[in-house]
Structure formats: structure tokens, C-alpha cells
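Residue numbers (this note's numbering): 80 to 361.
Below, the structure written as C-alpha cells:
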């Protein structure tokens, strides 16, 4: 019997892209084509059923009832096809609007992301400014302390230019001392690191030498075992070859001995000169 698949339901989600929307439209159109094929097949089946009903001797009431059922099924399938075609038309009609909504949503997401990034950068800049202000304050306090110390040590100097020069000189000396101290510490660390590297290199060379010696010893043992094995195999092959040669020579000698005995027996029965042939065989 005819089974109705129904219309195609398309979910309108603003997060879809244009390709997704076109894919939905293609799926809906394929569904419509399937429903059309079903409708055609159903009509062909129902035509065959009607031909059977119109055969001679059929009941008119049964024919009418069956025709009503066929008409109802055809109407139902046709209505499903109509709804599917309508749904495809609605999907195509709302394509531009849905794409615009999706683009608008993407734009909003991009704007929100840009705002968040801007806020983050502003926070980073504010934090940097705070750190710079703190560093500047510390530097000013340090300079003020240097000025105070210089002022205490130069109470007899009243010239403002000399005091400023002394302050700048003291600050410069402190900076140079700090830099020299840092360079000395760095040089000390580098020297220590070089010593550690050299120490590790010596240990590594020693370990490599020991490993190479062990490898050479193992290789020599393997070579010795292989030489012994080869010598044993050669000895066995030689013994086997000699055994085969001895066996073959023994067989030939036995054959010759049998032939000689036969010839000697034959010579004893014939003339005496035939006995000489026995010795010629040897």
C-alpha cells in the first residue's frame, strides 16, 4: 500500500552558513523528487488495481469502495507532495534572510571578540603603566636617597652645580657597580657551567671508551666462535668426503676382487695361460 513520507522540516538556525542553507535546500528538493517518484509509482500500482477491479464479474459496490480508498490515498500523497513543494519554496524564499542573519551573528561575534581583545589590551597597558609608575617611584626614591647621602657627605659644598654633578656621579657609580656585579656573577655562572660541561664530557668519553672496548671484546669473541664453528664444519665435511671416497674405493676393490676370483676359477678350468690374466687385472 501507499505510505506517505510527509513534508520536509527545516530548522532555521541563525548559526548556519550559506553552504549549510544551500545543503538544506538541496535535501528538501531531493525529498520532493522522492515524493514525486512515490506518487508516480503509487498511481501505477493503483492503475493495476483498478484494472483488476474492472474484470468481468466484479462487484460494483466493492469496486466503488476500493476506488474511494484509492482516491483517498492518492489525495493524501498528493497533499504531502504539495506540502513538501511548499516547504522547498519557503526555504528558498527565506534563504537570503537566513544568510543575512547568520552573517549578522558572525559579525556580532567578531565585534564581541574584538571588544574583549581591546579590553584585554587596555588592561595590559594599564598594568604596564602601573608597573612603570612603581618603577619610576622607586627610582626617584633611590635618587632621593642618593642625594640625601651626597648632601650629608658634602655639607661644605654650597654650589648647586657641584651637588648635582656629585649626585649624578654617585648614581652612575651605583649603576656601574650593579652592572659589574651582575657581569661578575654571570661570568662565574658561565665558568661553572663550562667546568660542568667539561666534566660531563670527560665522563662521557670514558664511558664511550669502555663501551667501545666491551664491543670490541664481544666482537673478538664472536669472531673466534665463528672461526671455530667454520673449522669444525670444514673438518666434518672433509671427514665425510674421505668416508665417501673410502667407501667408493672399497666397493671398486671388492668388485675387482670378485671379478678376479671369477676369472681365476675360469682359468683353472681352461688353459694354464689364462691364469696370467688374473694377475694382469691387478
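For each residue, glycine too, the CB sits at the ideal point set by N, CA and C.
- Distance from the CA atom of residue 242 to the CA atom of residue 206, rounded to whole angstroms, is 36 Å.
- For residue 314 and residue 334, the gap between their C-alpha atoms comes out near 30 Å.
- Rounded to the nearest whole angstrom, the CA to CA distance from residue 113 to residue 196 is 50 Å.
- Taking C-beta atoms under 8 Å as the contact rule, residue 156 and residue 118 qualify, at a distance of about 5 Å.
- 166 is the residue among 153, 166, 248, 124 whose C-alpha sits nearest the C-alpha of residue 109.
- The count of Cβ pairs closer than 8 Å, one atom from the segment 217 to 232 and one from the segment 244 to 251, reaches three, so the stretches are in contact.
- Pairing residue 160 with residue 115 gives a Cβ-Cβ distance under 8 Å.
- Between residue 211 and residue 250, the gap from beta carbon to beta carbon reaches 8 Å or more.
- It is roughly 36 Å from the alpha-carbon of residue 192 to the alpha-carbon of residue 216.
- Note on geometry: alpha-carbon atoms of residue 151 and residue 120 lie some 16 Å from one another.
- Straight across, the Cα-Cα distance linking residue 285 with residue 293 is about 12 Å.
- Under a 10 Å Cβ-count criterion, residue 277 is classified as exposed, with fewer than 16 other Cβ atoms of the shown protein chains found around its own Cβ.
- Under the criterion of beta carbons closer than 8 Å, residue 203 and residue 164 do not qualify as touching, at roughly 58 Å.
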